[in-house]
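S.K.:
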Amino acid sequence: MENLFTIDNLFTLAMLILLQAVLGFDNLLYISIESKRVTEDRQAYVRRMGIGLAVGLRIVLLFVLMSAIQYFQEPFFTVNLKGILEGSVNVHALIVLVGGVFIMYTAIKEIMHMLSVDDLEHIEGDAKRTVGGALFWIVLMNLIFSFDSILSALALSNVFIIIATSIVVSGLMMIFLADHVAEFLKKNRMYEVLGLFILFIVGILLLSEGGHLAHLKLFGFAVEPMAKTTFYFVLAVMVAVDIVQSRYRAKLMAQREQELGRAG
Numbered sequence: 066m067e068n069l070f071t072i073d074n075l076f077t078l079a080m081l082i083l084l085q086a087v088l089g090f091d092n093l094l095y096i097s098i099e100s101k102r103v104t105e106d107r108q109a110y111v112r113r114m115g116i117g118l119a120v121g122l123r124i125v126l127l128f129v130l131m132s133a134i135q136y137f138q139e140p141f142f143t144v145n146l147k148g149i150l151e152g153s154v155n156v157h158a159l160i161v162l163v164g165g166v167f168i169m170y171t172a173i174k175e176i177m178h179m180l181s182v183d184d185l186e187h188i189e190g191d192a193k194r195t196v197g198g199a200l201f202w203i204v205l206m207n208l209i210f211s212f213d214s215i216l217s218a219l220a221l222s223n224v225f226i227i228i229a230t231s232i233v234v235s236g237l238m239m240i241f242l243a244d245h246v247a248e249f250l251k252k253n254r255m256y257e258v259l260g261l262f263i264l265f266i267v268g269i270l271l272l273s274e275g276g277h278l279a280h281l282k283l284f285g286f287a288v289e290p291m292a293k294t295t296f297y298f299v300l301a302v303m304v305a306v307d308i309v310q311s312r313y314r315a316k317l318m319a320q321r322e323q324e325l326g327r328a329g
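Using my numbering, count along the sequence shown one by one with no gaps and you end on 329.
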């Protein structure tokens with residue numbers, strides 16, 4: 066047990082916590098958007114309970130992956146349409162592909178909902194969720210996001226307790242930040258659109274990773290994964306553009322009000 070508290074293990078733990086925090090950003094964004102589908106008095110509960118359940122299941126997933134990682138990488142389905150679509154799908158690739166499609170669908174549906182309703186605060190029909198339904202989707206999507214973060218963690222360490230500790234710490238950080246992110250989006254509705262487009266890009270990232278894991282070829286061209294550096298650079302540019310555009314819009318509106326005041 067004393068071997069756990071070495072400089073190497075403590076440094077690895079710090080790196081893993083940072084890794085989990087960075088990779089958990091898109092997950093946190095999804096949780097904030099999904100929790101809006103329940104009644105306002107239950108939203109904070111859904112966020113905290115969803116993250117808590119997901120952390121527990123993430124540790125179970127870590128144990129399973131460490132015990133049987135080869136089965137997740139073993140192909141179980143092969144596509145061989147020469148010149149059109151080729152590849153071999155394993156469990157890991159399938160989960161990432163399905164997650165990417167679902168994330169893109171969620172983002173597009175939310176954007177269309179914003180454009181089609183007059184009252185953005187009012188959620189109708191199948192857009193509503195029960196507490197149980199919201200928790201189910203939060204936990205499910207958390208597990209999909211977990212695959213890459215856990216596999217990345219396994220590349221840094223093979224000590225179960227070290228990785229499990231980083232998962233718990235990052236989970237506590239997410240619980241702390243979830244309400245702040247949700248409150249920020251509520252007070253700054255314009256950034257909700259930015260958040261949804263970020264989710265859309267996350268979906269593309271997952272599709273590219275899933276396609277690469279399945280060794281897919283479309284019309285003879287291999288599907289390459291989007292580099293994480295490219296992904297974060299795109300996010301940084303999107304945020305910068307949104308901030309500059311918001312400030313420029315505010316300046317134009319102030320200038321227009323001054324002109325109207327002088328004209329009046």
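By construction, the Cβ of each residue, glycine as well, lies at the ideal position given by its N, Cα and C atoms.
1) Please determine, among His280, Val224 and Ile168, the residue with the shortest C-alpha to C-alpha distance to Pro290.
2) Measure the Cβ-Cβ separation of Met206 and Phe167 and say whether it is below 9 Å.
3) When the Cα of Thr230 is compared with those of Thr294, Glu175, Phe210 and Phe128, which residue comes out closest?
4) Taking 8 Å as the threshold, find out whether the stretch 260 to 278 comes into contact with the stretch 296 to 308 through three or more Cβ pairs.
5) With Ile240 and Ile82 assumed to form a contact (beta carbons below 8 Å), what rounded beta-carbon distance in angstroms separates them?
6) Rounding to the nearest angstrom, what Cα-Cα distance links Ala301 and Glu248 in this structure?
7) Could you compute how far the alpha carbon of Glu99 sits from the alpha carbon of Ala199?
8) Any idea what DSSP makes of Thr143, helix, strand or coil?
9) May I ask you to check if the CB of Ser97 is nearer than 8 Å to at least one heavy atom of the ligand SAH?
10) Does DSSP classify Leu122 as helix, strand or coil?
11) Suppose only complete runs of 4+ residues qualify. What are the alpha helix (DSSP H) ranges in the stretch 194 to 271, listed by chain order?
12) Is it buried or exposed for Leu317, if we count other Cβ within 10 angstroms and need 16 for buried?
M.R.: So, from the listed chains and residues:
1) Counting from 1 along the sequence shown, the entry for residue 290 is found at position 225. With distances taken between Cα atoms, Pro290 lies closest to His280.
2) Locating residue 206 in the sequence shown gives position 141, where the first residue counts as 1. Locating residue 167 in the sequence shown gives position 102, where the first residue counts as 1. Yes, the pair counts as a contact, with Cβ atoms nearer than the cut-off.
3) Position 165 of the sequence shown, counted from the start, is the residue given in the question as residue 230. It is Phe128 whose Cα lies nearest to the Cα of Thr230.
4) yes
5) The residue labelled residue 240 in the question sits at position 175 within the sequence shown. The residue labelled residue 82 in the question sits at position 17 within the sequence shown. With a Cβ gap of about 14 Å, Ile240 and Ile82 do not count as contacting.
6) Sequence index remark: in the sequence shown, residue 301 carries index 236 (1-based). Sequence index remark: in the sequence shown, residue 248 carries index 183 (1-based). In a straight line, the C-alpha of Ala301 is about 21 Å away from that of Glu248.
7) Taking the first residue of the sequence shown as 1, we reach residue 99 at position 34. Taking the first residue of the sequence shown as 1, we reach residue 199 at position 134. Rounded to the nearest angstrom, the two C-alpha atoms are 7 Å apart.
8) Along the sequence shown, read from residue 1 onward, the residue named residue 143 stands at position 78. Note: Thr143 maps to strand in three-state DSSP.
9) Ligands are entirely absent from the displayed structure, and the ligand SAH is therefore not among its contents.
10) The residue labelled residue 122 in the question sits at position 57 within the sequence shown. Leu122: helix per DSSP, three-state reduction.
11) 196 to 221 and 225 to 252
12) As a first step, residue 317 is located in the sequence shown; it is residue number 252 there, counting from the start. Exposed: under 16 other Cβ atoms inside 10 Å.
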